[in-house]
Amino acid sequence: MSQKTIVFQGEPGANSHIACQEAFPEFKALPAPTFEDALAAVKDGSAALGMIPIENSVAGRVADIHHLMPTSGLHIIAEHFLPVRHQLMAIPGATLATIKTVESHVQALGQCRRTIRKLGLKAVIAADTAGSARHVAEAHDPTRAAIASRLAAKIYALAILAEDIEDESHNTTRFVVLAREPNWAAAGNGPTMTTFMFRVRNVPAALYKALGGFATNSVNMTKLESYMIEGSFSATQFYADIEGHPDDRPVKLALEELEFFCEELKILGVYPADPFRKTLNGKAE
1 MSQKTIVFQG
11 EPGANSHIAC
21 QEAFPEFKAL
31 PAPTFEDALA
41 AVKDGSAALG
51 MIPIENSVAG
61 RVADIHHLMP
71 TSGLHIIAEH
81 FLPVRHQLMA
91 IPGATLATIK
101 TVESHVQALG
111 QCRRTIRKLG
121 LKAVIAADTA
131 GSARHVAEAH
141 DPTRAAIASR
151 LAAKIYALAI
161 LAEDIEDESH
171 NTTRFVVLAR
181 EPNWAAAGNG
191 PTMTTFMFRV
201 RNVPAALYKA
211 LGGFATNSVN
221 MTKLESYMIE
231 GSFSATQFYA
241 DIEGHPDDRP
251 VKLALEELEF
261 FCEELKILGV
271 YPADPFRKTL
281 NGKAE
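For the record, in the sequence shown the residue sitting at position 223 is 223 according to UniProt numbering, with numbers rising by one throughout.
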């Protein structure tokens with residue numbers, strides 16, 4: 001590759017595009033239509049890195065990612081938190097008085113309910129935020145508006161009619177950065193996160209026993225989610241984030257105890273904690 005590249009899912013101007021620019025300003029950002037396409041681009045070398053949303057503070061986890069990541073063969077090398085700011089935009093010349101409909105991703109529409117209701121607009125669900133901005137720009141219709149990012153308004157030459165219209169100011173998306181090769185953060189070099197997936201053995205109280213080591217060794221687990229695999233109601237896989245490094249003695253002991261009760265344990269990444277975590281509860285996580 002002649003230029004360092006980072007792939008994201010969505011159209012130019014998407015929030016994932018903004019995350020790429022913030023975290024890797026020296027990289028060229030490449031759009032991909034689906035998450036599968038984005039992961040494949042990293043896997044086949046079309047892109048050096050992938051910027052993938054994992055969860056949102058309002059909407060919860062991003063669908064499909066937990067299924068795709070463990071089987072992708074890729075590794076988490078960083079995380080990035082992006083405060084989400086929604087802008088109401090339309091073609092130049094349109095005003096709040098001319099617009100009748102507003103289109104965007106279903107989550108963005110849901111996150112801006114108060115403004116939509118206040119303006120009496122009809123909400124139209126679109127595939128994504130940046131795509132809705134492009135559609136509005138191409139339509140040249142002063143009755144149509146979109147909810148998207150400031151970057152999307154700039155890319156598609158739209159006028160912002162109302163700024164930062166999200167209902168909740170804490171609306172934040174967490175992204176993980178994926179690469180083909182593992183690149184573990186060095187131990188003892190500041191706050192570190194470890195992400196792993198596991199499947200417990202089918203014995204009574206296996207999950208309770210497996211997680212006991214994190215409690216007894218005072219390891220903070222910031223995320224634990226389960227999801228069914230292979231269409232089975234009995235086969236469950238877990239996805240977890242913990243604070244600390246596998247070389248730290250408490251984490252090492254907790255993981256050893258976990259592994260004893262597991263059929264499978266796979267570390268997906270060991271990476272520096274984003275400084276944004278310090279703002280979550282006033283301390284580094």
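Quick reminder that beta carbons are idealized off the backbone N, C-alpha and C, glycines included.
Range of the contiguous alpha helix (DSSP H) that encloses residue i
i, result
"Cys20", "Asn15 to Ala23"
"Tyr208", "Ala206 to Thr216"
"Ile125", "From DSSP, Ile125 is part of no alpha helix (DSSP H) but of the beta strand (DSSP E) over Lys122 to Ala126."
"Leu96", "No alpha helix (DSSP H) holds Leu96; DSSP gives it neither H nor E."
"His135", "Thr129 to Ala139"
"Leu39", "Phe35 to Lys43"
Straight-line Cα distance separating residue j from residue i
i, j, result
"Leu151", "Val251", "41 angstroms"
"Pro191", "Ala273", "5 angstroms"
"Asn15", "Phe81", "11 angstroms"
"Arg277", "Thr101", "37 angstroms"
"Thr5", "Leu178", "12 angstroms"
"Gln21", "Ala29", "7 angstroms"
"Phe196", "Ile267", "4 angstroms"
"Ile77", "Asn217", "25 angstroms"
"Arg113", "Arg249", "48 angstroms"
"Pro275", "Glu79", "10 angstroms"
"Lys43", "Ala59", "28 angstroms"
"Ala41", "Ala185", "24 angstroms"
Residue environment, residue i, which counts as buried when at least 16 other CB atoms sit within 10 Å
i, result
"Val203", "exposed"
"His170", "exposed"
"Ile125", "exposed"
"Arg174", "buried"
"Leu96", "exposed"
"His17", "buried"
"Met1", "Annotation note: pLDDT 40 at Met1 (below 50); position unreliable, coordinate value reported separately. The residue in question, Met1, is exposed, as its Cβ has fewer than 16 Cβ neighbours within 10 Å."
"Tyr156", "buried"
"Glu243", "buried"
"His140", "exposed"
"Glu256", "exposed"
"Glu11", "buried"
"Phe24", "buried"
"Thr279", "exposed"
Opening and closing residue of the beta strand (DSSP E) in which residue i lies
i, result
"Gly269", "Cys262 to Pro272"
"Thr173", "Thr172 to Ala179"
"Leu68", "Element bounds for Leu68: not the beta strand (DSSP E) but the alpha helix (DSSP H), Ile65 to Ser72."
"Gly199", "The residue asked about is misnamed: residue 199 is Arg in this sequence, not Gly. Residues Thr192 to Val200."
Option in the options with minimal Cα separation from residue i
i, options, result
"Glu36", "Ile52, Thr143 and Phe27", "Ile52"
"Met89", "Leu161, Glu103 and Val62", "Leu161"
"Asn220", "Ala205, Ala240, Thr236 and Met228", "Ala240"
"Phe159", "Tyr227, Leu253 and Ala148", "Sequence check: residue 159 is Ala here, not Phe. Ranking the options by Cα distance to Ala159, first place goes to Ala148."
"Ile229", "Glu26, Met69 and Val42", "Met69"
"Phe198", "Leu211, Ala146 and Cys262", "Cys262"
"Glu167", "Ile99, Lys209 and Arg117", "The sequence shown places Asp at residue 167, not Glu. Among Ile99, Lys209 and Arg117, the Cα nearest to that of Asp167 is on Arg117."
"Gly188", "Glu225, Glu259 and Pro246", "Pro246"
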